[in-house]
Amino acid sequence: MSRDPVPIPLFAETQLQLLLNEHEAEVASSSLATTAASVSPSTRRTLQATGYALTGLVLSQCRTGLGGRVVGEFAADPAIASSESTDGQPRLGSHGIRVGDVVRVNDVAAGAAKKPAGKDKGKDGAKDGAKGGPEGVVTKVNDKAVWIAFGQQGGGARSKEDDEAVEELWGKKLWCIKLANDVTYRRMRQTMEKMGKMTESDYSHFMRVAFGHTTPLQPEDATDPVEFLDPTLNDSQKNAIRFALASKDIALIHGPPGTGKTHTLIELILQFAQRKKRILVCGPSNISVDNIVERLAPKKLPVVRIGHPARLLPSVLEHSLEVLTQTSDAASIVKDVRKEMDEKQASIRKTKTGRERRAIYDDLKHLRKEFRERESKCVDNLVRESSVVLATLHGAGGHQLKNQRFDVVIIDEASQALEAQCWISLLGADKVVLAGDHLQLPPTVKSTNLKTKDLSKGKEVAGTKKENPEGKELLRGFTLERTLFDRLLAMHGDGIKRMLTTQYRMHDKIMRFPSDELYESKLMAADSVKERLLADLPYEVEGTDDTQEPLVFWDTQGGDFPEKAEDKEIGQKEALLGESKSNEMEALVVAKHVGNLVEAGVRPDSIAVITPYNGQLALLSQMLREKYPGLELGSVDGFQGREKEAVVVSLVRSNEKHEVGFLGEKRRLNVAMTRPKRHLCICGDSETISRGSAFLKHWMDYLEENADLRYPDAGDLL
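In our numbering, the protein residues as written are 523 to 1240.
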């Protein structure tokens, strides 16, 4: 444990510098992607495979959304869609565009050459690098369409230029590209600046605990009887809930994969609400928050979801501000203006002249102003009357929560959130519950370099400082990958943490290695999952060597399956894939294994293929996507928090020097090996992998002892 107090102003200054470096790195990679506004179809596909873009779109509908913004629905282009959903509608290909992403919509034909009216405003960062279509925020994604709200990322509508730019997209073949998100960074910067200016008398007790200026208060008697509402909770979940209720200031709930962390949080929220506490629930992504909204919805608590819900299911929808401003008692003050705006919007395409159109845009501008004023009052009333408010971490910094006070702040997936992001919701907090798993991947950080990695190994000591290029003193030992969850645990020890120990996802053989190596052998597989196999799926699957084996290892040792770095000749595509690696022969092993599973009757949508390298992901996508449209392909990092019946992992690395690169990060491999329920297949070169670290050596030994060990023949694959 490191109990040395951290000087809060120095912490804030250090975070500001780290955030600046990170934002510059993100803008640089976003600029790289956005220079691709007029690129070839193959590079657009690479952009999609690496999570930057979504291709093959057409604008199918427009409506007025929250804040009076234009919301466009972009569906799969029926002319080029490779598959259909169950109702016959064309389906989008697999992609990495998520709710909350800031995107630009481009016309395939015009690309960078054509510039919609009024778009080049000389903005900084990625936005002035490439001319393109209108920019907006993704509000909803499903397999058939993506919804994008245009206008300022912060919430208000910009001007008639947005309407005109969206209007120009009708009838065109489109694609969208992800941009750097200025809003999140602006909120984090504002929070750190505010923290840096606080005096000691401004610090809350929780802040003093969080930076080691005082120790956590002793919890109330955690043995007090708690009447649990959910009869299915196990002992470790009950123990964590009792502890969090009794805690005076800080409680960490450590939820390893599949242990029902969200399930536990739902009970905790209900228990706090019963005790008349007002609760703010946050998570780093829309998906993490909406998952909680969805599970809270049937509990009949007055809850409100700030921001845009990821899935507009009826149960979730009724709690989102977007719908409450239309359906609640307070909504009548907004309804008539919204109706008039929708009518104006619909009339634009019927106009004959530019003058008529401009007049309608002017009317819309005035209506929007009135709409926002009325909506603001309505939102304020709704939030104040709610006992549970849910928002993303950066959404907690929005105007809707200004001057709102909460008794408890709960942050889910706290080990995937930047610490500065957490403080957006925590500056005024008295009591905090953080839930997460610090042994899985931390938040993705693009600016991490060798120098900061070296610093992170040093002991975190107050007064141990380094200087940044501007000559300001900064704390040594801090990187953005070091989360609040990690830091509190290091500072105050296991006494502030409770771990969930029964997992409901994995077969016992899949679970055993991560449990022994990372979770102190404390994980237990629930009876309902510990023996289940693909052959036991609730649809017809043939019993084969694959479907009756929970753990398979295709060991490619011997040099016939060499990795290669991405070809430097492919220019822009290579730049997007970075210093990525691929392994064509290993990809053929993966394809063969997937084919065997599907042939035995396993549905493609029950299978995921994941790899740590974007170069390999692009290769696997070319081989498998069209053949198995339902199959999920993704990076290991992007698959965190997900699960599938069967997961095939391609490790890629195979070289004479036995270099493993970032495979040496045990948290990345922990994610890879804990995604499957019934079947895990690892493809890799044990000779190379086992030399990477003690952890990797132990893993290869475990697979050799416990997996169904197979040696592929290169001659059979070609």
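All residues carry an ideal CB built from backbone N, CA and C; glycine is no exception.
**Prompt:** Taking Cβ positions, are Q759 and T736 nearer each other than 8 Å?
**Reply:** No.
**Request:** Select from F1217, D1049, Y1150 and T1210 the residue whose C-alpha is nearest the C-alpha of D1038.
**Result:** Here the closest residue by C-alpha is F1217.
**Asked** Using the C-alpha atoms, what's the distance from C1205 back to S1176?
**Response** Taken atom to atom, the span from the alpha-carbon of S1176 to that of C1205 is near 11 Å.
**Prompt:** Taking C-alpha atoms, which residue in A939, L923, S909 and A918 lies nearest to K899?
**Reply:** Among A939, L923, S909 and A918, the Cα nearest to that of K899 is on L923.
**Message:** Taking contact to mean 3 or more Cβ pairs, one atom from each stretch, closer than 8 Å, check whether the segment 698–711 and the segment 902–919 are in contact.
**Reply:** Contact between the segment 698–711 and the segment 902–919 is present, because at least three Cβ pairs lie under 8 Å.
**Message:** Below 7 Å, is the gap between the Cβ of N1228 and the nearest heavy atom of the ligand NAP?
**Reply:** Of ligands this structure carries none, so the ligand NAP is not represented either.
**Prompt:** Do you know how far the Cα of I809 is from the Cα of V1074?
**Reply:** Cα-Cα distance, rounded: 31 Å.
**Message:** Within a Cβ cutoff of 7 Å, which residues of the same chain sit near E689, ignoring the five residues on either side of it in sequence?
**Reply:** Within the same chain, E689 has close Cβ partners I870.
**Request:** Could you give the DSSP three-state label for L1225: helix, strand or coil?
**Result:** Of the three classes helix, strand and coil, the one that applies to L1225 here is helix, per DSSP.
**Message:** Can you check which of these residues, M1145, L790 and V1111, is closest to Y1233 by C-alpha distance?
**Reply:** Nearest of M1145, L790 and V1111 to Y1233, Cα basis: V1111.
**Request:** Measure how close the beta-carbons of Q1079 and E1209 come, nearest whole angstrom, since I'm counting them as under 8 Å.
**Result:** Correct: roughly 4 Å between the Cβ atoms.
**Message:** Given a cut-off of 8 Å on the beta-carbon distance, is the pair L774 and L948 in contact?
**Reply:** The criterion of a C-beta distance shorter than 8 Å is not satisfied by L774 and L948.
**Request:** Give a yes or no on contact between the segment 796–809 and the segment 1037–1057, applying the rule of three or more CB pairs nearer than 8 Å.
**Result:** As far as the Cβ criterion goes, the segment 796–809 does not touch the segment 1037–1057, which means the pair count is below three.
**Nearest neighbour of G1237, chosen from L1155, L569 and M1107 [CA to CA]** = Among L1155, L569 and M1107, the Cα nearest to that of G1237 is on M1107.
**Cβ-Cβ distance between K887 and S769 below 8 Å** = Between K887 and S769, the C-beta gap is not smaller than 8 Å, which leaves the two residues out of contact.
**Prompt:** With burial defined as no fewer than 16 other Cβ atoms inside 10 Å of the residue's Cβ, what is the status of Y574: buried or exposed?
**Reply:** It counts as buried.
**Message:** Does the structure place the segment 1058–1074 close enough to the segment 1115–1132 that three or more beta carbon pairs sit under 8 Å?
**Reply:** By the criterion of at least three beta-carbon pairs nearer than 8 Å, the segment 1115–1132 is in contact with the segment 1058–1074.
**Asked** How long is the line joining the alpha carbons of T478 and H841, rounded to whole angstroms?
**Response** What is shown of the chain runs 523 to 1240, which leaves residue 478 out entirely.
**Prompt:** Looking only at C-alpha atoms, which of G655, G1186 and D902 sits nearest to V624?
**Reply:** Selected option, being the one with the closest Cα: G655.
**Asked** So, helix, strand or coil for Q1025, using DSSP?
**Response** Correct three-state label for Q1025: strand.
**Message:** Using a Cβ-Cβ cutoff of less than 7 Å, which residues in the same chain neighbour H1220 once the five nearest sequence positions on both sides are dropped?
**Reply:** Hits under 7 Å: E1039.
**Message:** Give me the residue from D1016, L996, A1048 and I699 with the minimum Cα distance to T754.
**Reply:** Ranking D1016, L996, A1048 and I699 by CA distance to the CA of T754 puts A1048 first.
**Message:** Using 8 Å as the threshold, is the C-beta distance between L790 and I763 below it?
**Reply:** With respect to I763, L790 sits close: the two C-beta atoms are nearer than 8 Å.
**Message:** Which residue wins for smallest C-alpha separation from R1020, given the options Q1070, R1034, L956 and W1076?
**Reply:** For R1020, the nearest C-alpha among the options comes from L956.
**Message:** Is the separation between the beta-carbon of G591 and that of F672 shorter than 8 Å?
**Reply:** This sequence places Arg at residue 591; Gly is not what is there. Between R591 and F672, the gap from beta carbon to beta carbon is short of 8 Å.
**Beta-carbon separation (whole angstroms), C944 vs I933, contact threshold 8 Å** = In this structure C944 touches I933 by the C-beta definition: roughly 6 Å separates them, less than 8 Å.
**Item:** C-beta atoms of Q510 and V1174 nearer than 8 Å
**Value:** As shown, the chain starts at 523 and ends at 1240. That puts residue 510 outside it, with no answer to give.
**Request:** Starting from E657, follow its DSSP beta bridges and name the residues at the other end.
**Result:** Partner(s): R626.
**Asked** Going by the beta-carbon positions, is the gap between K1166 and E1148 smaller than 8 Å?
**Response** Not closer than 8 Å, so no.
**Message:** When you compare the CB positions of P965 and L940, do they come within less than 8 Å of one another, or not?
**Reply:** By the CB criterion at 8 Å, P965 and L940 fall inside the cutoff.
**Message:** Taking the alpha helix (DSSP H) that P1036 belongs to, which residues open and close that run?
**Reply:** It spans D1030 to L1040 - the alpha helix (DSSP H) in which P1036 sits, taken as one unbroken run.
**Message:** Please tell me whether G780 and Q1025 are closer than 8 Å, where the distance is taken between their beta carbons.
**Reply:** At the C-beta level, G780 and Q1025 come within 8 Å of one another.
**Asked** To which residues does DSSP link C1205 through a beta bridge?
**Response** The partner list for C1205 (beta bridge, DSSP) reads W1076 and S1172.
**Request:** Give me the Cα-Cα distance between R877 and L581, rounded to the nearest whole angstrom.
**Result:** Looking at the backbone, the Cα of R877 and that of L581 are separated by about 25 Å.
**Asked** For the candidate residues G950, P738 and N1105, whose alpha-carbon lies nearest to that of K1086?
**Response** The shortest Cα separation from K1086 among G950, P738 and N1105 belongs to N1105.
**Local conformation of R567 per DSSP, three classes** = In the structure shown, R567 adopts helical secondary structure according to DSSP, grouped into three states.
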